[in-house]
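Colleague: Just so we're aligned, residue 5 is where the sequence shown starts under the working numbering, counting upward by one.
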Amino acid sequence: MVKIVSVKEAYKQWAHRYDKDLQYLFESEEEKILPLIGNVKGKQVLDLGCGTGRYSVLLAKRGAIVTAIDFSEEMIEVAKTRAKKEGVRINFIVLDIRKKLPVLEKFDLILSMLVLNHFKHPNLILNKVNKALKLGGEYIISTPHVNKGKTFALVQSLGLDAKKYQQTKEEYLDWFKKSNFIIKTYLEVKFSKKAVLHAEKDGIDLKPYANKPFLMVFKIKKLSV
5 MVKIVSVKEA YKQWAHRYDK DLQYLFESEE EKILPLIGNV KGKQVLDLGC
55 GTGRYSVLLA KRGAIVTAID FSEEMIEVAK TRAKKEGVRI NFIVLDIRKK
105 LPVLEKFDLI LSMLVLNHFK HPNLILNKVN KALKLGGEYI ISTPHVNKGK
155 TFALVQSLGL DAKKYQQTKE EYLDWFKKSN FIIKTYLEVK FSKKAVLHAE
205 KDGIDLKPYA NKPFLMVFKI KKLSV
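(1) Alpha carbon to alpha carbon, how far is Trp-179 from Leu-130? Give it in angstroms, no decimals.
(2) Classify Lys-188 as helix, strand or coil using the three-state DSSP reduction.
(3) Give the straight-line distance between the Cα atoms of Cys-54 and Ile-80, rounded to the nearest whole angstrom.
(4) Quick check: the Cα distance between Pro-212 and Val-221, rounded to an integer number of angstroms?
(5) For Ile-69, which three-state DSSP category applies?
(6) Between Lys-216, Phe-75 and Ser-228, which lies nearest to Ile-97 when the distance is taken from Cα to Cα?
(7) Is it true that the CB of Ile-144 sits closer than 9 Å to the CB of Leu-210?
(8) Let me check understanding here. Comparing Cα to Cα, which of Asn-184, Val-82 and Leu-50 lies closest to Ser-228?
(9) Count the other CB atoms, across all protein chains shown, that sit within 10 Å of the CB of Tyr-59; report buried if there are 16 or more and exposed otherwise.
(10) By DSSP's criteria, Thr-147 is part of a beta bridge. Which residues make up the other side?
(11) May I have the straight-line CA-CA distance separating Ile-224 from Thr-85, to the nearest angstrom?
(12) Check this for me: beta carbons of Ala-68 and Gln-48, under 9 Å apart or not?
(13) Give me whichever residues DSSP pairs with Gln-171 in a beta bridge.
(14) In chain order, what residues of the same chain lie with their CB nearer than 6 Å to the CB of Asn-215, ignoring the 5 residues before and after it?
(15) What's the gap between the Cα of Leu-164 and the Cα of Leu-177?
(16) Would you call Asp-206 buried or exposed, if buried means 16 or more other Cβ atoms sit within 10 Å of its Cβ?
(17) Relative to the ligand MG, is the shortest distance from any of its heavy atoms to the C-beta of Leu-137 smaller than 8 Å?
(18) When the distance is taken between beta carbons, is Ser-196 closer than 9 Å to Glu-35?
(19) On the DSSP letters alone, give me the boundaries of the alpha helix (DSSP H) that Phe-134 sits inside.
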């Protein structure tokens with residue numbers, strides 16, 4: 005039986021197992037996301053809902069000036085440990101992103117990986133992101149695909165799931181327009197061949213989950229405040 009808990013409680017319990025439990029999803033996601041990000045050397049980047057710091061650390065190693073925000077103290081602690089191990093400096097902030105973001109019109113790039121689906125009204129977050137970006141700044145988002153099928157049964161098989169909402173591509177496109185963003189790229193993520201092979205070596209069969217995309221990825225650009 006799957007226990008549905010608050011987002012904060014779920015990530016508190018997940019913090020020290022999150023990367024391992026979802027490694028095949030993340031491996032497939034990163035193959036799509038990293039080419040979208042491009043050159044970040046010297047750029048101001050905000051990892052909004054940074055979790056365990058996967059992208060924060062990757063981008064800091066590529067020369068970005070990274071600020072990483074999450075409302076889970078437990079996740080931030082894992083992220084700090086990762087950053088220390090990798091020898092990178094990141095400005096970590098424990099903050100609920102429903103509140104005002106700490107800086108306005110500062111960032112060249114903002115990321116939110118599997119974050120907006122936890123909000124009933126993601127457009128409210130989009131408005132805050134717009135204010136935090138420089139004019140022409142970009143926002144990259146990943147969120148569960150409406151046709152994800154059984155993929156996220158992998159998450160539920162852990163016996164725990166966080167409260168979340170299912171939004172469609174069309175809803176996101178409407179929210180982007182109303183928040184003064186233009187869409188640059190839309191991608192769908194399925195399990196990569198590399199992830200499937202990796203899982204097989206670990207004794208896990210991903211084939212039943214591999215026939216449908218499990219994530220939608222958007223790259224959008226700020227037009228105005």
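All residues carry an ideal CB built from backbone N, CA and C; glycine is no exception.
Modeller: Quick look at the numbers:
(1) 8 Å
(2) strand
(3) 8 Å
(4) 22 Å
(5) strand
(6) Phe-75
(7) no
(8) Asn-184
(9) buried
(10) Met-220
(11) 31 Å
(12) yes
(13) Gln-171 pairs with nothing; no bridge assigned.
(14) none
(15) Low per-residue confidence applies at Leu-164: pLDDT is 43, beneath 50, and the placement is therefore not dependable, though the value from the model is reported in the following sentence. Roughly 30 Å between the two C-alpha positions.
(16) exposed
(17) Summarising the ligand content, the structure contains no ligands, and the ligand MG is consequently not present.
(18) yes
(19) First, the residue type needs correcting, since residue 134 is Asn and not Phe in the sequence shown. It spans 126 to 136 - the alpha helix (DSSP H) in which Asn-134 sits, taken as one unbroken run.
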